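Notes follow the structure.
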Amino acid sequence: MVALVLAAEREHDGLYAGAMAVLSRLPLYWRVCLINGGLFALGTLALVVTPATVSSRAVVSEIVVLVVGLLAILVANAALLRSVLAPLDQLSATMPSIDLLEPGQRLRVRGHGPVVELIASFNSMLDRLEAERAASTRRALQAQEAERQRVATELHDEVGQSLTVVLLGLRRALDAAPPELGEEIRSAQETTRTSLEEVRRIAGRLRPGLLEDLGLISALTALTSEFHAYSKIEVHKGFAPGLPDLSPEVELVVYRVAQEALTNVARHAHAHLVELSLSRQGSAVALRVADDGIGADRIVPASGIRGMRERAAMIDGQLSIRPRVGGGTELRLLVPSQVAERAGS
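Taking UniProt numbering, the leading residue of the sequence shown gets 1, the next gets one more, and so forth.
Structure, rendered in structure tokens:
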């Protein structure tokens, strides 16, 4: 007898699972129709098999029975439809917050059916979009760096050498010129010398030669010195010992983010002090640029911040900008451990 009961239960469970599998493969429209139709059929069956009747002039007890039955149907319908349509609400609530510069945002996929398939397709679409954006960003930034290198080379080799020739010519002219023209020639010399220094400074910002020749820490040290020279803002820098070796690509991203962060401080922060450090945070490498200026809540996102986020995303880094303890703004770039390990291998 027990065996028959267990067999009947297994058969019932199998039929239920089969019915749910068939239902989950139906389009959403037909699933809603079947759910509503099934509930209405159950309500009709209940009226047929039960002694419930409604008089030509309904009494209170009959109205109560009808209201309770209607509420039961509505509650059951709402519960069933919620299980089917709730993922759509989750999808519509999440879509406006998706930002490809902050990858990894995904919806949880649970159950079966067309709505779940829609969410899975949405997640797959995000995977493709993030991969395509990362690839296009990488190509764009590589092209940008190549163009910067070309311009820097032309400035150094063409404009710089031309200004050097002009300086030499002015020196010879000063030796042969009468005394009354000496002051004008010396003024032209000083202007040319200042222009030559500016050309070299611009070329150095476009193509950080120290980064290629001496490494990231030396390049950041030179960057902070140059920043202090033209902005007159005090800089405190610190570099932790034992940092892992990074690939040239990662080092360039870290350098460009630090460069853009310092430029933003000089332009917008109204700061008197900047702190720049390179350290470990767990197994990650962290760049930190903090100032005592007006604060992150008054920063208007612009192309510079967007460019830093794109560079960070290119190396799977995490960029955050938040208020600094004690006032001002703190920028932090984390290079994840797998990038650091891959770069050091």
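The beta-carbon is built from N, C-alpha and C at its ideal position, and this holds for glycine as well. Owing to the predicted nature of the structure, the values given are computational and were not obtained by experimental measurement.
- If I'm right that residue 331 touches residue 261 with Cβ under 8 angstroms, what's the distance once you round it to whole angstroms? 5 angstroms
- Task: Just the C-alpha distance for residue 274 and residue 305, rounded to the nearest angstrom, thanks.
- Result: 18 angstroms
- Query: What do you reckon, are the CB atoms on residue 220 and residue 155 nearer than 8 angstroms?
  - Reply: no
- Task: Answer with buried or exposed for residue 253, where buried requires no fewer than 16 other C-beta atoms within 10 angstroms of its C-beta.
- Result: buried
- residue 270 to residue 236 span [Cα, whole Å]: 16 angstroms
- If you draw a straight line from the C-alpha of residue 342 to the C-alpha of residue 215, how long is it? Because the pLDDT of residue 342 is 46, which lies under 50, any placement of that residue in the model is unreliable, and the question is left without a value.
- Query: What separation, rounded to the nearest whole angstrom, lies between the Cα atoms of residue 322 and residue 280?
  - Reply: 19 angstroms
- Counting Cβ pairs, one atom from each stretch, are 3 or more of them under 8 angstroms apart for the segment 121-137 and the segment 183-201? no
- Tell me the DSSP bridge mates of residue 279? 286
- Message: On a Cα-Cα basis, can you pick out the residue from 179, 74, 190 that is closest to residue 166?
- Response: 190
- Task: Given a cut-off of 8 angstroms, decide if residue 284 and residue 319 are closer than it, judged by their beta-carbon atoms.
- Result: no
- Round the Cβ separation of residue 192 and residue 163 to the nearest angstrom and send it over; I've been treating them as touching at under 8 angstroms. 6 angstroms
- Item | Residues bridged to residue 238 [DSSP beta-bridge criterion] | 277
- Item | Through-space distance from residue 272 to residue 266, alpha-carbon basis | 10 angstroms
- When you compare only the Cα positions, how much space is there between residue 287 and residue 243? 12 angstroms
- Message: Could you check whether residue 90 and residue 98 sit closer than 8 angstroms to each other, using their CB atoms as the reference points?
- Response: no
- Tell me, please, which residues DSSP counts as bridged to residue 321. 331
- Message: I need the DSSP call for residue 213, collapsed to helix, strand or coil.
- Response: helix
- Item | Rounded distance between the beta-carbons of residue 276 and residue 224, thought under 8 angstroms | 6 angstroms
- Item | Sequence-distant residues of its chain with Cβ nearer than 6 angstroms to residue 239 (five each side left out) | 217, 278
- Simplified DSSP state of residue 3, which is helix, strand or coil: Residue confidence for residue 3 is low, a pLDDT of 49 falling below 50, so the modelled location carries little weight; the figure read from the coordinates is stated next. Helix.
- Can you tell me whether DSSP reads residue 245 as helix, strand or coil? coil
- Task: Tell me whether the beta-carbon of residue 429 lies closer than 8 angstroms to the beta-carbon of residue 312.
- Result: Outside the shown range of the chain (1 to 345) lies residue 429, about which nothing can therefore be said.
- C-alpha distance - residue 4 paired with residue 74, whole-angstrom precision: Since pLDDT at residue 4 reaches only 47, below the 50 mark, its modelled position is unreliable, and the value read off the structure follows with that caveat. Going from the Cα of residue 4 to the Cα of residue 74 covers about 37 angstroms.
- Message: Checking the sheet assignment: what are the DSSP bridge partners for residue 291?
- Response: 274, 329
- Rounded straight-line distance, which links the Cα of residue 142 to that of residue 292: 33 angstroms
- residue 315 and residue 250: beta carbons closer than 8 angstroms? yes
- Item | Neighbour-count burial assignment, residue 42, 16 or more Cβ in a 10 Å radius | exposed
- Message: Considering only the alpha carbon of each residue, which of 205, 136, 117, 309 lies closest to residue 149?
- Response: 205
- residue 336 by DSSP, collapsed to three states: which one? coil
- Message: Rounded to the nearest angstrom, what separates residue 233 and residue 227 at their Cα positions?
- Response: 8 angstroms
- Message: Restricting to Cα atoms, I'd like to know which of 290, 71, 78, 336 is closest to residue 327.
- Response: 290
- Helix, strand or coil at residue 108 [DSSP, three-state]: coil
- Compare the C-beta of residue 269 against all C-beta atoms of chain D and say whether one is closer than 8 angstroms. Absent here is chain D; the protein component of the structure consists of one chain.
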